[in-house]
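Here the structure comes first, spelled out in structure tokens, and everything after it is commentary.
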Amino acid sequence: MRHSTTLAVLAAAFLSTTAMAADLPRRAAPPPVFVPIPVFSWSGAYFGVNAGYAFSESDTIRTTGIGALEANVVNNLRRRNVAMPQDGFSAGGQVGYNFQLTPGSGVVFGIEADAQYTDLQRRRTETIFNPVFNPNVLTNSYRTELGFLGTVRGRIGYAFDRVLVYGTGGFAYGDVSQSVTFRTAAPITYSGARSTIETGYAYGGGIEYALPTESFLNVFRASAVTIKAEYLRYDLGSRNLLVATRGGPGVGYNSRFDTEGSIVRAGLNFKFGGF
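So the sequence shown is residues -21 to -1, 1 to 254, counted in mature numbering (1 follows the signal peptide of the UniProt record, and there is no 0).
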């Protein structure tokens, strides 16, 4: 009897404890943690390399004779217009800084300086024999070259997240060499040459894309690697070259050169600063 009473008391105590535990409030589950997705920004400094194709425009040399020597130009002994088209590859580097007003999509503006070698050079030699106007064989030689081109330009565009479309324009300079030599029979009778840094302007536009940060191209551990395609047109002006007498009659000739052209190129940039 005593054992039965003891078991009954223990059972009642267990059931009472279980009921009390069921009445206790439960601990609330922790709220979910939201990790914000980083928003890409074009703001920051960058440097990179570029390579492409360059070609000249307005590349005709125009010659006039001084005084009585204009008759030789009229009679086609010294050609009035000589076409000197040039094309070749270009390669160089650039540095710059961008500032984006609003991360993600928005207006981007900045400044960029670049310099590149340009394989733009051309030589041309013509032999003219017209005994009606001159009994000698005349040889006319021309040379023009743009050794390198540099620019300092502003850039402004609009970013669609990792895609940037932009226009650009500013100052341009280049190493320009030009020469003309006229021979009458064997001797050089008129010649002129110049080699100098010319200045002018450049403008164009392009599109740039920021690769993911983990790209294998990110060897400098930059915050982004970008690739771009770009078109630039440059104009370093027109200059007269005096093809002066070297023993021939008269003062000589004036040959006018235009230094204009375009570059179509691709580039790779390593960007620092921002995401």
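We put the beta carbon where it would ideally sit given N, CA and C, even for glycine.
Asked, Found
"Terminal residues of the continuous beta strand (DSSP E) containing E105?", "84 to 107"
"Which residue's Cα is closest to the Cα of N29: G146, G23, G72?", "G72"
"Short check: CB of N55 to CB of W21, under 8 Å?", "no"
"Just the C-alpha distance for G31 and M63, rounded to the nearest angstrom, thanks.", "21 Å"
"Using the Cα positions of residue 258 and T147, report the straight-line distance between them to the nearest angstrom.", "In the structure as shown, the chain starts at -21 and stops at 254, and residue 258 therefore has no counterpart that could be examined."
"Give me the residue from G231, A245, G252 with the minimum Cα distance to G44.", "G231"
"Rounded C-beta distance between G185 and A208? I'm assuming under 8 Å.", "6 Å"
"What is the C-beta distance between F26 and V87, in whole angstroms, given that I count them as a contact (C-beta under 8 Å)?", "Going by Cβ atoms, the distance from F26 to V87 rounds to 17 Å, so no, they are not a contact pair."
"Just to confirm the assignment, what range does the alpha helix (DSSP H) spanning E187 have?", "Premise fails: E187 lies in the beta strand (DSSP E), 167 to 190, not in any alpha helix (DSSP H)."
"With a Cβ-Cβ cutoff of 8 Å, do A33 and G85 count as a contact?", "no"
"Fully enclosed by the stretch 11 to 60, which alpha helix (DSSP H) runs are 4 residues long or longer?", "49 to 53"
"Relative to the alpha-carbon of R162, which residue among L117, R58, Y121 has its alpha-carbon at the smallest distance?", "L117"
"Could you tell me the distance, in whole angstroms, from the CA atom of R103 to the CA atom of N119?", "8 Å"
"Could you give the distance in angstroms between the alpha-carbon of E177 and the alpha-carbon of R122?", "17 Å"
"Under 7 Å Cβ to Cβ from E36, same chain only, skipping five residues before and after it: list those, please.", "E239, G240, S241"
"Assign R162 to one of three DSSP states: helix, strand, or coil.", "strand"
"Is R218 helix, strand or coil by DSSP?", "strand"
"Take the Cβ of S234 as the centre, count every other Cβ of all protein chains shown within 10 Å, and call the residue buried at 16 or more, exposed below.", "buried"
"Compare the C-alpha of T97 against each of G252, Y213, L220 and name the closest.", "Y213"
"At the level of alpha carbons, what is the spacing between F13 and F19?", "The predicted position of F13 is uncertain, since its pLDDT is 49 and thus under 50; no value can be drawn from it."
"If you reduce the DSSP assignment to three classes, tell me which class D154 lands in.", "strand"
"On the DSSP bridge assignment, give the partners of A223 in chain order.", "S170, G231"
"Would you say L143 and G136 are within 8 Å of each other, going by their C-beta atoms?", "yes"
"What three-state label does DSSP hand D237 in the structure shown?", "strand"
"Within 10 Å of its beta-carbon, does residue 255 have 16 or more other beta-carbons around it, so buried, or fewer, so exposed?", "A query on residue 255 cannot be resolved here, the shown segment of the chain reaching from -21 to 254 and no further."
"In whole angstroms, what separates the C-alpha of Y169 from that of P228?", "9 Å"
"Which of the three DSSP states is assigned to L80 in this structure?", "coil"
"Between which residues of its own chain and L3 is the CB-CB distance below 6 Å, once the five residues before and five after are set aside?", "The predicted position of L3 is uncertain, since its pLDDT is 47 and thus under 50; a value taken from the coordinates is nonetheless stated next. If we look at L3 and ignore the five residues flanking it on each side, it has no Cβ neighbours."
"Measure the alpha-carbon distance for R58 versus T42 and round it to whole angstroms.", "7 Å"
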